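Q:
2 protein chains.
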Amino acid sequence: MEKRTYHHGNLREALVTAGVALARAGGPSAVVLRAVSREAGVSHNAAYRHFADHRELLAAVAARCMEQLGLLMVRRTDQVAEEEPVPRAWARLAAIGRAYVDFALTEHGWFRTAFSGAAAHGGGLPRPDPGAGSTDPYTLLAARLDELVEVGAIPPERRPGAEYAAWSAVHGLADLLVDGPLHDLPADRVRLAVETVLATVARGL
Amino acid sequence: MEKRTYHHGNLREALVTAGVALARAGGPSAVVLRAVSREAGVSHNAAYRHFADHRELLAAVAARCMEQLGLLMVRRTDQVAEEEPVPRAWARLAAIGRAYVDFALTEHGWFRTAFSGAAAHGGGLPRPDPGAGSTDPYTLLAARLDELVEVGAIPPERRPGAEYAAWSAVHGLADLLVDGPLHDLPADRVRLAVETVLATVARGL
DNA sequence: CCGGGCATGTTGACAGCGACAACATGCGGT
DNA sequence: ACCGCATGTTGTCGCTGTCAACATGCCCGG
Chain A
50 MEKRTYHHGN LREALVTAGV ALARAGGPSA VVLRAVSREA GVSHNAAYRH
100 FADHRELLAA VAARCMEQLG LLMVRRTDQV AEEEPVPRAW ARLAAIGRAY
150 VDFALTEHGW FRTAFSGAAA HGGGLPRPDP GAGSTDPYTL LAARLDELVE
200 VGAIPPERRP GAEYAAWSAV HGLADLLVDG PLHDLPADRV RLAVETVLAT
250 VARGL
Chain B
50 MEKRTYHHGN LREALVTAGV ALARAGGPSA VVLRAVSREA GVSHNAAYRH
100 FADHRELLAA VAARCMEQLG LLMVRRTDQV AEEEPVPRAW ARLAAIGRAY
150 VDFALTEHGW FRTAFSGAAA HGGGLPRPDP GAGSTDPYTL LAARLDELVE
200 VGAIPPERRP GAEYAAWSAV HGLADLLVDG PLHDLPADRV RLAVETVLAT
250 VARGL
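From first to last, the protein sequence lines are chains A and B. Under our numbering, residues 50 to 254 are what the first sequence spells out, in order. Under our numbering, residues 50 to 254 are what the second sequence spells out, in order.
(1) Could you give the first and the last residue of the continuous alpha helix (DSSP H) run that contains B/Ile145?
(2) By Cβ distance below 8 Å, which residues in the same chain neighbour B/Arg53 in space, the five residues on each side in sequence not counted?
(3) My output table needs one value for B/Phe160: the three-state DSSP class, helix, strand or coil.
(4) If you draw a straight line from the C-alpha of A/Gly173 to the C-alpha of B/Val239, how long is it?
(5) Along chain A, which residues have their Cβ under 8 Å away from the Cβ of B/Leu241?
(6) Indicate whether A/Phe152 and A/Ala89 have their beta-carbon atoms separated by less than 9 Å.
(7) Classify B/Ala167: buried if its beta carbon has 16 or more other beta carbons within 10 angstroms, exposed otherwise.
(8) I need the straight-line Cα distance from A/Val80 to A/Ala109, nearest angstrom please.
(9) Classify A/Glu206 as helix, strand or coil using the three-state DSSP reduction.
(10) Cα separation between A/Leu64 and A/Glu156?
(11) Which chain B residues sit within Cβ distance under 7 Å of A/Phe160?
(12) The alpha helix (DSSP H) spanning B/Gln117 covers which residue range?
(13) Helix, strand or coil for B/Thr66 per DSSP?
(14) What span of residues does the alpha helix (DSSP H) with B/Arg252 cover, start to end?
(15) Around the Cβ of A/Glu51, are there at least 16 other Cβ atoms within 10 angstroms (buried) or fewer (exposed)?
(16) Identify whether B/Glu131 lies in helix, strand or coil by the three-state DSSP scheme.
(17) Rounded to the nearest angstrom, what separates B/Glu212 and A/Thr245 at their Cα positions?
(18) Just reading off the alpha helix (DSSP H) that A/Arg176 is part of, what are its end residues?
(19) DSSP state of B/Asp224, grouped into three classes?
(20) Consult DSSP for B/Val198 and reduce its assignment to one of helix, strand or coil.
(21) What does a CB cutoff of less than 7 Å around A/Ala32 pick up in its chain, not counting 5 residues either side in sequence?
(22) For B/Arg141, which residues of its own chain have a beta-carbon under 6 Å away from its beta-carbon, when the five flanking residues on both sides are left out?
(23) Would you please verify whether the beta carbon of A/Leu234 is less than 9 Å from any beta carbon of chain B?
(24) Using the C-alpha atoms, what's the distance from A/Arg98 back to B/Tyr149?
(25) Measure the alpha-carbon distance for A/His57 versus A/Val85 and round it to whole angstroms.
(26) When DSSP labels each residue in this structure, what does B/Ala89 get in the three-state scheme?
(27) Are A/Ala214 and B/Ala218 close, meaning C-beta to C-beta below 9 Å?
(28) Can you list, in chain order, the residues of the region 74-91 of chain A whose Cβ is nearer than 7 Å to any Cβ on chain B?
(29) Suppose contacts are defined by Cβ-Cβ distances below 9 Å. Is A/Arg137 in contact with A/Val200 by that definition?
(30) According to DSSP, simplified to helix, strand and coil, what is B/Thr54?
(31) Quick check on A/Pro186: does DSSP put it in helix, strand or coil?
(32) Would B/Val123 and B/Leu189 qualify as a contact pair, given that the criterion is a beta-carbon distance under 9 Å?
(33) So for B/Pro77, helix, strand or coil by DSSP?
(34) A/Arg147 versus chain B: which residues are under 7 Å apart at the beta carbon?
Pasting the structure below:
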């Protein structure tokens with residue numbers, strides 16, 4: 050739709066889309082240059098006109114996956130009905146935490162891809178983007194924590210570093226459940242783990 | 050030393066050792082069947098007499114890496130000098146947490162390998178091994194939490210699920226720092242992150 | 001209107017990988 | 001002394017990422 054100016058018409062987009070589809074089912078290791086090209090109906094090596102590297106393609110796909118995670122977090126945040134400011138702020142924090150874990154469990158291909166090779170490609174923390182419409186998970190978390198301070202749910206001196214505590218706990222749980230030693234935890238224990246993690250963080254902040 | 054009964058004399062051990070060395074520098078993706086075989090001075094495919102699969106070799110190497118993590122945790126636990134029971138129990142918990150993160154940061158190849166493919170190979174939680182000399186990280190954590198209950202530092206009703214909270218927080222922090230978006234956090238912020246995570250968990254338990 | 005430049009896509013090749021099959025070797029029990 | 005079978009080797013296949021050389025056709029200057 051955007052740059053239908055060429056042979057294929059914006060191939061880059063098609064490649065990323067195909068990559069996202071493969072990642073959904075098979076995780077980052079399924080985002081194979083040749084497979085992606087095949088999927089896009091183009092011959093291998095075509096991708097090299099748009100990505101320097103396999104890593105670069107994977108990074109683009111990962112960004113898309115991260116966006117999916119952010120979208121779910123936003124959706125769940127907006128579903129919180131509570132109106133009293135303090136419980137509302139807590140509920141909105143819990144909502145993004147649950148969204149994070151749910152996403153990891155139901156879309157583990159995307160989840161693992163989103164965090165694959167973040168160390169290598171430039172993907173550090175996002176700039177302190179002022180735009181309210183951000184779907185970046187880190188920005189969303191920071192917003193919830195700021196909210197908690199604003200309504201007086203947590204003292205301001207607890208705010209610095211709070212994102213590390215909250216993020217680490219939820220991310221660690223997700224990673225252990227999806228990829229790690231907690232992989233085949235029975236469902237009731239999964240529930241216990243999620244609730245305990247959220248409650249412990251909330252008490253600790 | 051054990052089964053010098055053959056051509057090479059316990060090759061399996063040599064392969065795992067070579068794998069551990071490669072993993073240390075290059076992480077799980079460096080544990081390549083052919084490279085490991087080369088390193089062990091044996092031709093490719095020799096490994097297939099000892100491991101069904103590349104995954105199986107990697108799992109053996111991963112177990113060794115996990116053991117290294119456990120050993121550091123034990124060492125750090127034993128270094129705690131505090132004698133008053135309650136602060137001692139807290140200090141010992143913090144010690145394994147710090148050990149976990151330090152290990153991830155200083156031996157990130159081993160750390161990433163230790164948790165690679167835990168989902169696939171059988172590596173769920175360890176049996177409730179009664180042996181006091183365990184070096185399994187999960188068992189060590191459980192012991193610290195039991196200790197906290199015994200000395201009355203945390204109420205017994207908080208004990209169920211506590212391992213999930215503590216483990217998730219520390220593991221998540223390690224993963225974010227080593228592999229994830231927090232990869233190139235400046236050193237002072239790393240310190241802030243570690244301290245905040247530990248303090249938050251301690252308050253929340 | 002047209003001709004050529006250059007972005008885009010293709011073909012072909014190479015080395016490295018995991019896996020399989022067929023073959024070689026030599027230790028251990030009989 | 002000998003043979004079996006565990007152990008190690010050689011050869012091969014298909015797959016991958018990457019490079020180099022080649023083909024195509026859109027767009028711009030004349």
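Glycine is no exception: its CB is placed at the ideal position from the N, C-alpha and C atoms. For clarity, every value in this text was computed on a predicted model and none was experimentally measured.
A: Well, looking at it:
(1) Pro134 to Thr155
(2) Here the model assigns B/Arg53 a pLDDT of 43, short of 50, so the residue's position is not dependable, and the following value carries that caveat. Cβ neighbours of B/Arg53 beyond the five flanking positions: Asn59.
(3) The answer is helix: DSSP assigns B/Phe160 an H, G or I state.
(4) 14 Å
(5) By Cβ distance, chain A contributes Pro209, Gly210 and Tyr213.
(6) no
(7) So B/Ala167 ends up on the buried side.
(8) 11 Å
(9) helix
(10) 20 Å
(11) Here the premise fails: no neighbours, minimum Cβ distance about 12 Å.
(12) His103 to Asp127
(13) B/Thr66 falls in the helix class under three-state DSSP.
(14) For B/Arg252, the uninterrupted alpha helix (DSSP H) run begins and ends at Ala236 to Gly253, by DSSP.
(15) Any reading at A/Glu51 is ruled out, since the residue's pLDDT is 41, under 50, leaving its predicted position unreliable.
(16) coil
(17) 9 Å
(18) Going by DSSP, A/Arg176 is part of no alpha helix (DSSP H) at all; its letter is neither H nor E.
(19) helix
(20) Helix.
(21) Chain A is shown from 50 up to 254; residue 32 of chain A falls before or after that span and cannot be answered.
(22) Thr126, Val129 and Arg193
(23) yes
(24) The alpha-carbon separation between B/Tyr149 and A/Arg98 amounts to approximately 42 Å.
(25) Here the C-alpha atom of A/His57 lies approximately 15 Å from the C-alpha atom of A/Val85.
(26) Note: B/Ala89 maps to coil in three-state DSSP.
(27) Yes.
(28) none
(29) yes
(30) Annotation note: pLDDT 48 at B/Thr54 (below 50); position unreliable, no value reported.
(31) It is helical.
(32) yes
(33) helix
(34) In chain order: nothing, as chain B lies at least about 14 Å away.
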